[in-house]
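Working notes, beginning with the structure itself.
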Amino acid sequence: MLVQAHEIKDIPQSTPAFLIDKDKVSQTLHYLRLLKQRSQCKVLFSIKSLPLTAVMKQTLTVVDGFSVSSLFELRLAREVASGRADLHVTTPGLKVDEFDALATLSTAISFNSLEQYRQFKPFLKEDFSPGLRVNPELSFVEDNRYDPCRAFSKLGVPLSQLSAQLPEGIEGLHFHTLFGSHSFQPLQQTMAKIEAQFSASLRALKWINLGGGYLFDSEEQIAPLIDLVTQIKRQYALDVFIEPGNGIVGAAGFLVATVIDCFLREGKTVAVLDTSVNHNPEVFEYQRKPLLIEEVLTGEHSAILVGCTCLAGDIFGEYRFNKPINVGDRVTFSHVGAYSLIKSNRFNGYNFPDIYTFDDSTVRKIKTYDYAHYREQWLT
């Protein structure tokens, strides 16, 4: 029997708890499998969104490898993949003392700037593929905090600074222009601009990475991507990669919390939870109100849900309910699978959530933390 949304809050033995719905991950992987079958596209899971090995192993049933941004991520990806996967690196943060390890463990590195490429070109190895991250200078994201192509962007070489001929030795191109997009039209526009500038150079390359930021949950939604990848492969004979992260795990993640205090302030109900924005920092970073399964938009009762730390801005938002919220009630934040757990911290000494995976037949607690972990971090 499938787990219903309203039942998720009853899964964990205690709270706070972070849960991954493996069936939801499988649904996304199903569409990625169709993409691969119909276009020969290669798929990399961008583990920066959630480097949980249980999830990484599940994705390996479909994906060709992992996209990483640091040596630690690369080492973990290599361990999980057991050397049987494409491992692509792109980061502004390449360091001299780490480059040999990065080049040894990865299959490709997309250099973030021409200066970075020139610095490390003398140390390139024969058994990995050097690429270049480019900035197409096309903005499709309204919020600059998400926009890789924002003014003065640190991410990639602007096309306006490149000629039609790519630097000698470059074997691949990498770009990323989207965030949370259900449309592939921006990707089509971006690729058209890339082709206009590099039509001759593309035929000499081995691969192109179209980045991530795509969201899809149906065959119809991925049809334009299938067409685009097929066209690129037919015209340029390239390996084509995409690297979804949020698209794979975002909707599969849930944060369950319990109300531990409840009081009135200036006529409004304030409910304190045993979690905080520490466990989903983008709530505070971007002032984003997370989705709540128990909310009823037409409900007669409302409450401001707040975290348990001393930070005045530790606030999730105001929500409406059919009945008054009380101490002991559990609530469930949804669509928190990406960029939440990886950014979590123990501010004020509050512990990390327990971590669970579940599907239609099995619930597993896969990770728990205690004082010993906190002490180890700060003991000097």
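Its first residue numbered 5, the sequence shown is counted upward by one per residue in the working numbering.
For glycine and all other residues, C-beta sits at the position ideal for the given N, C-alpha and C.
| Asked | Found |
| --- | --- |
| For the alpha helix (DSSP H) containing D101, name the first residue and the last one. | V100 to L109 |
| If I'm right that H178 touches T111 with Cβ under 8 Å, what's the distance once you round it to whole angstroms? | The Cβ separation is near 13 Å, so there is no contact. |
| Here's a check: name, in chain order, each residue in its chain whose Cβ is nearer than 8 Å to the Cβ of E299, leaving out the five neighbours to either side. | Y323, R324 and F325 |
| Count the C-beta pairs between the segment 284-296 and the segment 345-355 that are closer than 8 Å, then say yes if the count reaches three, no if not. | yes |
| Can you list, in chain order, the residues of its chain with a C-beta nearer than 7 Å to that of K158? Leave out the 5 residues immediately preceding and following it. | P96 |
| Between the Cα of N213 and the Cα atoms of I226, Q201 and L191, which residue gives the shortest distance? | L191 |
| With DSSP collapsed to three states, give me the class of M5. | Per-residue confidence for M5 stands at a pLDDT of 41, beneath the threshold of 50, marking its modelled position as unreliable; the derived number appears in the next sentence. If DSSP states are grouped into helix, strand and coil, M5 belongs with coil. |
| Taking Cβ to Cβ, would you say V253 is nearer than 8 Å to A107? | no |
| Considering only C-alpha positions, which residue in the set V335, Q201 and V67 is nearest to E141? | Q201 |
| Please state whether DSSP places H196 in a helix, a strand or coil. | The identity of residue 196 in the sequence shown is Ala, whereas the question assumes His. Helix, per DSSP. |
| R207: which of E270, K237 and H186 sits nearest, CA to CA? | K237 |
| Starting from the Cα of D265, find the closest Cα among I370, L33 and D333 and give me that residue. | D333 |
| According to DSSP, is S402 helix, strand or coil? | Residue numbering for the chain in the displayed model covers 5 to 384; residue 402 lies beyond these limits and cannot be assessed. |
| Give me the residue from S71, A255 and Y375 with the minimum Cα distance to L219. | A255 |
| Between M5 and the rest of its own chain, which residues show a CB-CB distance below 6 Å, the 5 nearest in sequence each way excluded? | In this predicted model, M5 has a pLDDT of only 41, less than 50, meaning its place in the structure is not dependable; the value taken from the coordinates is given anyway. Closer than 6 Å at the Cβ level, and outside the excluded window around M5, lies no residue. |
| Compute the Euclidean distance between the alpha carbons of L38 and E223, then round it to the nearest angstrom. | 8 Å |
| Curious, which full-length beta strand (DSSP E) runs of at least 3 residues does the segment 240-298 contain? | 243-246, 257-269 and 272-277 |
| The beta strand (DSSP E) spanning F70 covers which residue range? | G69 to V72 |
| For a test of the three-state rule: what should DSSP assign to N330, helix, strand or coil? | coil |
| If distances are taken between C-alpha atoms only, which option among K28, S18 and L64 comes closest to S338? | K28 |
| Can you name the start and end residues of the alpha helix (DSSP H) that S43 belongs to? | K26 to S43 |
| With a Cβ-Cβ cutoff of 8 Å, do V276 and V310 count as a contact? | yes |
| Please go through the same chain and pick out, in chain order, the residues whose beta-carbon is closer than 7 Å to the beta-carbon of L295, but skip the five residues on each side of it. | F337, S338 and H339 |
| Just to confirm, is the Cβ distance from V367 to Y360 under 8 Å? | yes |
| Take A105 and list the residues in its own chain whose beta-carbon comes closer than 7 Å to its own, dropping the five residues that flank it on each side. | L75 |
| Does the structure place the segment 169-185 close enough to the segment 109-128 that three or more beta carbon pairs sit under 8 Å? | yes |
| Going by alpha carbons, who is nearest to C314 out of K293, S73 and D278? | D278 |
| Mind listing, in chain order, the continuous beta strand (DSSP E) runs of no fewer than 3 residues lying wholly within the segment 115-180? | 133-139 and 176-178 |
| My output table needs one value for L23: the three-state DSSP class, helix, strand or coil. | strand |
| Can you grab the Cα-Cα spacing for the pair K46 / F267, in whole Å? | 53 Å |
| Mapping the DSSP letters down to three states, classify S18 as helix, strand or coil. | coil |
| Which residues in the same chain have their Cβ closer than 6 Å to the Cβ of K197, if we skip the five residues on either side of it in sequence? | P140 |
| What whole-angstrom Cβ distance do T32 and G176 have, given they're in contact under 8 Å? | That belief does not hold up - the Cβ atoms of T32 and G176 are roughly 25 Å apart, past 8 Å. |
| In angstroms, rounded to a whole number, what distance separates the CA positions of G215 and F183? | 10 Å |
| Apart from the five residues just before and just after T63, which ones in its own chain have a Cβ nearer than 6 Å to its Cβ? | F49 |
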